[in-house]
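These notes concern the structure reproduced below.
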Amino acid sequence: MSSRSAWRALHYSAKRRISQPTTPYRCFSCARQSLEQAKPDHERMTHFGFTNVPESEKESRVGAVFSSVASSYDNMNDLMSLGIHRLWKDHFVRSLNPGTPVANRDADAKDKGWNILDIAGGTGDIAFRMLDHATNINHDMQTSVTISDINADMLAEGRKRSIETPYYNTSRLSFVEANAEHMPHIPDASIDLYTVVFGIRNFTDKQAALNEAFRVLKPGGVFACMEFSKVDNPLFDAIYKRWNFSAIPLIGQIVAGDRDSYQYLVESIERFPSQEEFRGMIQKAGFMIPGRGYENLTGGIAAIHKGIKPIVQS
Numbered sequence: 001m002s003s004r005s006a007w008r009a010l011h012y013s014a015k016r017r018i019s020q021p022t023t024p025y026r027c028f029s030c031a032r033q034s035l036e037q038a039k040p041d042h043e044r045m046t047h048f049g050f051t052n053v054p055e056s057e058k059e060s061r062v063g064a065v066f067s068s069v070a071s072s073y074d075n076m077n078d079l080m081s082l083g084i085h086r087l088w089k090d091h092f093v094r095s096l097n098p099g100t101p102v103a104n105r106d107a108d109a110k111d112k113g114w115n116i117l118d119i120a121g122g123t124g125d126i127a128f129r130m131l132d133h134a135t136n137i138n139h140d141m142q143t144s145v146t147i148s149d150i151n152a153d154m155l156a157e158g159r160k161r162s163i164e165t166p167y168y169n170t171s172r173l174s175f176v177e178a179n180a181e182h183m184p185h186i187p188d189a190s191i192d193l194y195t196v197v198f199g200i201r202n203f204t205d206k207q208a209a210l211n212e213a214f215r216v217l218k219p220g221g222v223f224a225c226m227e228f229s230k231v232d233n234p235l236f237d238a239i240y241k242r243w244n245f246s247a248i249p250l251i252g253q254i255v256a257g258d259r260d261s262y263q264y265l266v267e268s269i270e271r272f273p274s275q276e277e278f279r280g281m282i283q284k285a286g287f288m289i290p291g292r293g294y295e296n297l298t299g300g301i302a303a304i305h306k307g308i309k310p311i312v313q314s
């Protein structure tokens, strides 16, 4: 090749390089494929109502729902239980009878009252009832309740309500923001009674929360849960589901301007395990089950579950 031909070839090659666009070619299908490949294949899925979502997303989604309904939480339960949840809660607390002497206590702790942990109890609805029962029925001025909730807005609502109670700013009532599935701030075998009411169905890993409940309870301590459950009469169940899926989201739209949150809440009820399945999960955590393990309320719209941490004989 002559020097002139070589120079032309070099000049043409350089010109091609210079004229290339500065913006790189964007292949959207390639980018999407790259993003999908970047996601861990092993990420576990769970349910958010009827939608399957990665476990890593559920906590934030549930948090958004409860931040939205925090100020109207009791009204929400009124809608979901047709107002009967207040009677259920009174019955739940009476069945636990907080403030009575605990036989398995050490001798130096017999007059110190119960140490109660109320999980997902941000608004204080159960905690105030338990303190009232211990004080007014059992004349126990020592029993204390720690309200634990993962949602700061729910806890803020509870703190606001506590101002109207005699327990405000006393050692008998405290609030902590925490995830019930992992509570390193609570020592092993330090709790007399662990309660969770209308909250555990929203947990990402229910079994992990049950295992943690077993860890923090003292031997002989009680796990007590009240949750929406499975109706045991087919006709009643059909009517109840019609109400749940048709009326409640609509009322949520009209009353609170928030249809989506109420839609999720009724879907979360439907996805919660049956009474027998949940009893099995409690047993799997290590608890002894008294009797059949649960008590149906209003035909199974809700159920109370209990488990006892075994006392190890020395």
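Using our numbering, read the sequence shown as starting at 1 and increasing by one per residue. Beta carbons: idealized from backbone N, C-alpha and C, even for Gly.
Which same chain residues end up closer than 6 Å to residue 180 when comparing Cβ atoms and leaving out the 5 residues on each side of it in sequence?
119, 209
Given this structure, state the Cα-to-Cα distance separating residue 170 from residue 152, to the nearest angstrom.
20 Å
If you run the structure through DSSP and keep just helix, strand and coil, what is residue 224?
strand
Buried or exposed: which applies to residue 136, given that a residue is buried once 16 or more other Cβ atoms fall within 10 Å of its Cβ?
exposed
Extent of the continuous beta strand (DSSP E) to which residue 302 belongs:
302-308
Take residue 155 as the anchor and find which of 296, 178, 298 has the nearest alpha-carbon.
178
I'd like the list of long-range same chain contacts for residue 165, defined as Cβ closer than 6 Å, with 5 residues on each side in sequence excluded.
128
Residue 115 in three-state terms, based on DSSP:
strand
To the nearest angstrom, how far is the alpha carbon of residue 259 from that of residue 240?
18 Å
Identity of the residues DSSP links to residue 296 by a beta bridge:
303
If we ignore side chains and look at the alpha-carbon of each, how far apart do residue 309 and residue 124 end up?
25 Å
Report the partner residues of residue 147 according to the DSSP bridge assignment.
118, 175
For residue 38, does the count of other Cβ atoms within 10 angstroms reach 16, so buried, or fall short, so exposed?
Confidence is the limiting factor: at residue 38 the pLDDT is only 43, short of 50, which leaves the residue's position unreliable and the question unanswerable from this model.
Collapsed DSSP secondary structure at residue 234 in the structure displayed
helix
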